[in-house]
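Residue numbers (my numbering), protein chains in the order written: chain A, 179 to 343; chain B, 1309 to 1410.
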């Protein structure tokens, strides 16, 4: 089958994302790892855009790049003294972790190609964002409330744990 | 449109990279970064399945938003724990943090 432009774009974005993922897990400098992480988040957000999930695209940029990556950079800087001098970033079990991860990847890809997914052709709902909002206050109202309480408790707990005593 | 399997392969690759990072890093913050990669991979899967198998519905995206919220909570608490440990033990090296070891 001929490769379409959209597929070339997809391949470029995925190559970028996976490259950034490699950077995150192999970079010796923790700060560089954090920057690679920003790149990986950006690549994933582009994938969301390709999947026509616009709301998730924006949420990914705001929450992951804007908040979580910034938080990680803050944490790196607050505990900086320990990071910069040391060059060995891997622990003694990195070899076996690499083997296990690679095997898991091979297994996952093998399983993926065995299954015939019931793919449906069709356009997404034209007002998907309104549908998401509606789903949150109708079908998923209980999980929505639970997750908001979880977030509140987690943030209060984070402040309690991290505050100066 | 790229086939569904392509998205799943990218997500699997990202998941395995995150798993490797979470298992092999010494630094607690680097482990947390690996976990973030894993959660992103899961979200790609959720949205891809939602897009390809039930394009008219938003279930996949709704689940991805729940994962996003839990990931944000996890990052906040995890980093707070790391800061607290750094204050009391003066290290974020996971091999030195063995308070619970018998």
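Yeah, the Cβ is synthetic: ideal placement off N, Cα and C, and Gly gets one too.
Just grab the DSSP bridge partners of residue 1335(B) for me.
BP columns for residue 1335(B) point to 1401(B).
Looking only at its chain, what residues have a beta carbon closer than 7 Å to the beta carbon of residue 1372(B), apart from the 5 residues adjacent to it on each side?
Closer than 7 Å at the Cβ level, and outside the excluded window around residue 1372(B), lie 1351, 1354, 1355.
Assuming residue 325(A) and residue 1377(B) are in contact, meaning their beta carbons sit under 8 Å apart, how far apart are those beta carbons, in whole angstroms?
About 5 Å separates the two Cβ atoms, so the contact holds.
List in chain order: all unbroken alpha helix (DSSP H) runs of 4+ residues lying wholly within the region 217 to 251 of chain A.
Entirely contained in the region 217 to 251 of chain A, the alpha helix (DSSP H) runs reaching 4 residues are, in chain order, 232 to 237.
For residue 202(A) and residue 1329(B), which I take to be in contact (beta-carbon distance under 8 Å), what is that distance rounded to the nearest angstrom?
The C-beta distance from residue 202(A) to residue 1329(B) rounds to 6 Å, short enough to meet the 8 Å contact threshold.
By Cβ distance below 7 Å, which residues in the same chain neighbour residue 239(A) in space, the five residues on each side in sequence not counted?
Result list for residue 239(A): 223, in chain order.
Classify residue 1348(B): buried if its beta carbon has 16 or more other beta carbons within 10 angstroms, exposed otherwise.
Here residue 1348(B) is buried, its C-beta having at least 16 other C-beta atoms within 10 Å.
What residues match up with residue 268(A) in a beta bridge as DSSP calls it?
BP columns for residue 268(A) point to 1333(B).
What number of angstroms, rounded off, separates the C-alpha of residue 1360(B) from the C-alpha of residue 200(A)?
Residue 1360(B) and residue 200(A): Cα-Cα distance of roughly 28 Å.
Under 7 Å between the Cβ atoms of residue 1337(B) and residue 253(A)?
Yes, Cβ-Cβ distance for residue 1337(B) and residue 253(A) is below 7 Å.
To which residues of the same chain is residue 342(A) closer than 7 Å at the C-beta, ignoring the five residues directly before and after it?
Closer than 7 Å at Cβ, skipping near neighbours: no residue.
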